[in-house]
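Novice: Heads up, the sequence shown is in numbering that gives the first Met the number 0, so the first residue is 0 and it goes up one at a time. Even for Gly, the Cβ is constructed at its ideal location relative to N, Cα and C. Here it is, the structure, as structure tokens.
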Amino acid sequence: MAFNEKSRQVDELTTSLAKRDQVHAAELAANAKAECEAAWSSELEQLEELEANCNDMRSQRSAAEKQLGEVEADLLEVKERNRHLTDQTNDALTEKIFTIMLHFDNYLSLQ
């Protein structure tokens, strides 16, 4: 009888250990799943943040390109005005020098 009793106790302990192993494995699986879901959620949040940052940078780039175009147009306008003013100044100086030389020539011929 002692053998049968010991055998039954071994069977009970084996069954008990198997149940505990099963419960422990289920807990480990649930914990791993929860950690995986948390990591996935965190990665999705980071991805959304990166996409938002990327969209902001695209908008900033677009605005900068527009501003650059406006500045380049203004620069061309200023260069054209400068060229026009330079031409006017050169023409005026040439005319003054011509007038001075004419007066000087007249002065010399009167002498």
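Note the first and the last residue of the continuous alpha helix (DSSP H) segment covering residue 87.
Specialist: Start at 1 with the first residue of the sequence shown, and residue 87 comes out as number 88. Where residue 87 is concerned, the enclosing alpha helix (DSSP H) stretches over 1-109.
Novice: Ordered along the chain, which non-local residues of its own chain (more than five positions away) have a Cβ less than 7 Å from that of residue 83?
Specialist: Along the sequence shown, read from residue 1 onward, the residue named residue 83 stands at position 84. Taken in chain order, the list of residues that qualify is empty.
Novice: Below 8 Å CB to CB, which residues in the same chain sit around residue 50 once its five sequence neighbours on both sides are set aside?
Specialist: Looking up residue 50 in the sequence shown gives position 51. Result list for residue 50: empty, nothing under 8 Å.
Novice: In whole angstroms, give me the CA-to-CA distance for residue 106 and residue 91.
Specialist: In the sequence shown, the residue the question calls residue 106 occupies position 107. In the sequence shown, the residue the question calls residue 91 occupies position 92. Roughly 22 Å between the two C-alpha positions.
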